[in-house]
Amino acid sequence: MINACFIYFPPHYDTIHYIIKEGDDMAPSKIIRGIDKGTFLLKRDFSQESNWRADHCYKFIYSLDGMINYQTNRNQINFNHHQYILFNPQDEHKQLAVEGKKFLIELNPTFLNHVSKSVGFVVQNDIQFALNVQKSPQISNWVKFVLDYIVIEKNDPHAVELFLEHSFSQLALILLKNAVGTHTQDIHVNSYKIISPQIYATICALKESYPYSWNLDQMAEIANLNKYQFAHFFKEIIGISPYSWLQLYRIIRSQEMLIKTDKTTLQIAMDCGFSSITVYNQLFKRLYGITPEVFRERMNK
């Protein structure tokens, strides 16, 4: 199995057409170039995307512009430009709609887990990424860099192949550092210190007092904005609402407790600020497809 593949669609980049076009008759879906760690594709036929599927790989799906909608067996996911989602191997999903352009990469689990061990992420089982809309300046910069390089080096296929081969490892490392998953112990926010000091200050306060029952007015006060401005600005910068981010961070903190302590799931839910064990269990299962108890069992084998 290849370690990754690139798919761009719909293809609106004329310069990229020049790279990948092999003759005037372009098939609806055609592999253009294969390398050790991946395959570069142009795809024009999306009919099968609307069917339910479960792949043997990790799927990184990034919106270059416009809304993208997916359905899973746990929830419906909507995300917009510069946001992304990650499907784990065997996650059932189907595409409902795509506006604009989509950037997709498939990563071989063996490859991703090899990278994770190389940088010190030690987990008992394959990493499971949270099924949640995410946004990261590092990820966005990486996608832009890849696209720009392919356009610039369109007349040198060998350079493009070599570049893509190394890019897969870069992406795997960035995802492991920035995307929320079962390996995560924190959410890195230092990049927001420059992008938005107001949002950075708020996030730091939320992290410091994550069990506290925050309300929107209290969060907005730290950012020195009214709550309506704050809610809109936070989602624009981070990709999800302030409360959703706080709940996601609470899940991350609970993961470490599940692995390293003997506390009951009820105690952990309360210690992390969840209003009830039911809310905690439901959110955990929506993100990972398993309950906290099953997660604890698997991670402590």
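For what it's worth, the working numbering labels the leading residue of the sequence shown as 29, then goes sequentially. All residues carry an ideal CB built from backbone N, CA and C; glycine is no exception. A quick note: this is a predicted structure, and the numbers were derived from the prediction, not measured.
Item	Value
Cut-off 8 Å between Cβ atoms - residues of its own chain near Met-285, not counting five sequence neighbours on either side	Lys-291, Ile-296, Asp-299, Cys-300
Cutoff 6 Å; reference Gln-213; Cβ partners in own chain excluding five residues on either side	Glu-284
Cβ shell of His-24 (< 8 Å), same chain only, five flanking positions each side left out	No answer is possible for residue 24: it lies beyond the span of the chain, which begins at 29 and ends at 329.
Proximity winner among Glu-321, Gly-317, Gln-226, relative to Ile-305 (alpha-carbon distances)	Glu-321
Min CB distance Lys-221 to chain D below 8 Å	Looking at the structure shown, chain D is missing, and only one protein chain is on hand.
Rounded straight-line distance, which links the Cα of Lys-172 to that of Leu-234	30 Å
Residues that His-121 bridges to, as DSSP identifies them	Arg-81, Thr-100
Buried or exposed (CB count within 10 angstroms, at least 16 for buried), Trp-80	exposed
Check whether Ile-133 and Phe-191 have beta carbons under 8 Å apart	no
Other residues of its chain near Leu-124: CB distance less than 8 Å, five sequence neighbours each side excluded	Ser-78, Asn-97, Tyr-98, Gln-99, Gln-104
Where Lys-129 falls: helix, strand or coil (DSSP)	strand
Rounded C-alpha distance that separates Tyr-256 from Ile-265	14 Å
C-alpha gap between Gly-317 and Asp-184, whole angstroms	44 Å
Contact belief for Arg-102 with Leu-159 at Cβ below 8 Å, rounded distance in angstroms	7 Å
Whole-Å CB distance - Asn-136 paired with Cys-85, under 8 Å assumed	6 Å
CB of Gln-111 within 8 Å of CB of Val-161, strictly	yes
Runs of alpha helix (DSSP H) lying entirely within the segment 172-215, each at least 4 residues, in chain order	185-206
Own chain residues within Cβ distance below 7 Å of Ser-168, not counting five before or after	His-110
Per-residue DSSP class, three states only, for Phe-258	helix
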